[in-house]
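Q: Read left to right, the sequence shown gives residues 382 to 672 (the numbering used here).
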Amino acid sequence: MAVRAKKRFGQHWLRDEQILNHIVAAAAVSEGDRILEIGPGTGLLTRRLVPYAKQVIAVEIDRNLCRKLRDEFKGCSHFHLIEGDYLSLDLEQAFAAQCADPIGPLGQTASPVQPMPSSVLPEWTPPNKVVANIPYYITGPILENLLGRISQPNPHPFESIVLLVQKEVGDRICATAGTKAFGALSVRVQYLADCELVCPVPAKAFSPPPKIDSAVVKLKPRPFVPPAHHPKRLETLVKVGFATKRKMLRNNLKSLVDRDRLTTLLETLGINPQARPEELDVQQWVALSDK
Numbered sequence: 382m383a384v385r386a387k388k389r390f391g392q393h394w395l396r397d398e399q400i401l402n403h404i405v406a407a408a409a410v411s412e413g414d415r416i417l418e419i420g421p422g423t424g425l426l427t428r429r430l431v432p433y434a435k436q437v438i439a440v441e442i443d444r445n446l447c448r449k450l451r452d453e454f455k456g457c458s459h460f461h462l463i464e465g466d467y468l469s470l471d472l473e474q475a476f477a478a479q480c481a482d483p484i485g486p487l488g489q490t491a492s493p494v495q496p497m498p499s500s501v502l503p504e505w506t507p508p509n510k511v512v513a514n515i516p517y518y519i520t521g522p523i524l525e526n527l528l529g530r531i532s533q534p535n536p537h538p539f540e541s542i543v544l545l546v547q548k549e550v551g552d553r554i555c556a557t558a559g560t561k562a563f564g565a566l567s568v569r570v571q572y573l574a575d576c577e578l579v580c581p582v583p584a585k586a587f588s589p590p591p592k593i594d595s596a597v598v599k600l601k602p603r604p605f606v607p608p609a610h611h612p613k614r615l616e617t618l619v620k621v622g623f624a625t626k627r628k629m630l631r632n633n634l635k636s637l638v639d640r641d642r643l644t645t646l647l648e649t650l651g652i653n654p655q656a657r658p659e660e661l662d663v664q665q666w667v668a669l670s671d672k
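1) Three-state secondary structure (DSSP) at histidine 403?
2) In the DSSP assignment, what are the bridge partners of alanine 556?
3) Which residues in the same chain as proline 522 place their Cβ atom closer than 8 Å to its Cβ, once the five residues preceding and following it in sequence are excluded?
4) In this structure, does DSSP put tryptophan 394 in helix, strand or coil?
5) Could you pull the start and end residues of the beta strand (DSSP E) that proline 581 belongs to?
6) Just mark alanine 624 as buried or exposed, buried being the case when its beta carbon has 16 or more other beta carbons within 10 Å.
7) State the Cα-Cα distance for the pair serine 411 and leucine 650, rounded to the nearest angstrom.
8) Counting C-beta neighbours from all protein chains within 10 Å, is the total for proline 498 16 or more, i.e. buried, or is it exposed?
9) Alpha carbon to alpha carbon, how far is alanine 491 from lysine 548?
10) Going by CA-CA distance only, name the one from Arg640, Trp666, Leu647 that's closest to lysine 620.
11) How should lysine 592 be labelled, buried or exposed, when 16 other C-beta atoms within 10 angstroms of its C-beta is the threshold for buried?
12) Between which two residues does the alpha helix (DSSP H) containing proline 612 stretch?
13) How about aspartate 414: is its C-beta nearer than 9 Å to some C-beta of chain D?
14) Is the separation between the beta-carbon of alanine 562 and that of aspartate 575 shorter than 9 Å?
15) Considering only C-alpha positions, which residue in the set Asn509, Leu630, Val606 is nearest to glutamate 540?
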């Protein structure tokens with residue numbers, strides 16, 4: 382069944398076999414893994430995950446694609462498809478509803494499936510890994526949903542998160558301090574996870590091709606050591622501090638900290654008082670927020 386990409390869902394389907402293999406390798410899927418796949422699309426990546434994982438829970442918003450995926454994987458007992466917007470779902474409740482009624486809101490599939498009696502429904506175990514080809518326009522909310530915030534990390538962190546994102550976003554996530562790409566997003570994500578740029582993905586690798594290049598990134602959530610004593614203060618400092626990257630940090634933060642006091646704090650931490658926000662690494666941002 383041919384399915385056309387829909388602009389309103391930001392659909393661009395990855396077709397490049399080599400990059401699909403890079404994603405699977407980065408995810409390091411083993412037989413005990415429960416994978417959350419956000420946006421399975423036409424199932425090209427799903428087909429590579431299902432044979433190796435203990436369970437694949439795929440969340441797809443497009444009804445036509447759900448029909449196709451249900452038909453293709455109807456005989457696979459460890460594949461569970463949830464139709465809906467990932468950002469608005471309670472995943473555990475959606476999983477239970479899908480298991481109880483595999484047909485879901487569509488009302489019919491190419492091969493009708495009988496609902497399972499409650500006594501034999503699979504037990505819910507949260508996914509331990511994430512693989513996602515997400516629409517670029519919801520990258521920020523997806524990252525926050527998966528990782529949490531500096532002041533409120535995800536209480537049930539994933540072992541790893543492999544995402545296909547806009548190249549510029551991937552560069553910012555993995556940037557090192559002192560580089561042009563390093564910014565508020567870099568600090569927020571790197572405080573919550575180790576970040577790796579797996580590979581670039583040219584626009585021609587997709588159908589239809591987007592107007593920009595992409596990248597595969599791998600995140601491994603972990604506590605930051607040493608943690609910020611005042612994580613909410615750190616969030617505020619990062620937000621305000623990067624409001625204008627070309628200005629010196631002490632000018633950006635003057636609404637929060639007296640300029641002379643901030644100069645003294647920076648000197649105490651061994652930071653040039655004329656430093657710009659991108660020159661401070663994550664550890665230095667944490668140290669500044671602790672003062």
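The C-beta atom is built at its ideal place from N, Cα and C for all residues, glycine as well.
A: The short version:
1) Helix, per DSSP.
2) DSSP links alanine 556 through a beta bridge to no other residue.
3) If the five residues before and after proline 522 are omitted, its C-beta is found closer than 8 Å to the C-beta atoms of Leu468, all from its own chain and listed in chain order.
4) Tryptophan 394: strand per DSSP, three-state reduction.
5) Counted as a single uninterrupted DSSP element, the beta strand (DSSP E) harbouring proline 581 occupies residues 574-582.
6) Exposed, because fewer than 16 other Cβ atoms sit within 10 Å of the Cβ of alanine 624.
7) Each residue's Cα considered, the two are about 44 Å apart.
8) Interpretation of proline 498 is limited by its pLDDT of 48, a score under 50 that renders its predicted location unreliable; no figure is taken from the coordinates.
9) Since pLDDT at alanine 491 reaches only 34, below the 50 mark, its modelled position is unreliable, and no value is offered.
10) Taking lysine 620 as reference, the option from Arg640, Trp666, Leu647 with the minimal CA-CA separation is Trp666.
11) Around the CB of lysine 592, fewer than 16 other CB atoms lie within 10 Å, so the residue is classed as exposed.
12) First-last of the alpha helix (DSSP H) with proline 612: 612-622.
13) Here chain D cannot be found, since the structure has a single protein chain.
14) No, Cβ-Cβ distance for alanine 562 and aspartate 575 is not below 9 Å.
15) The shortest Cα separation from glutamate 540 among Asn509, Leu630, Val606 belongs to Asn509.
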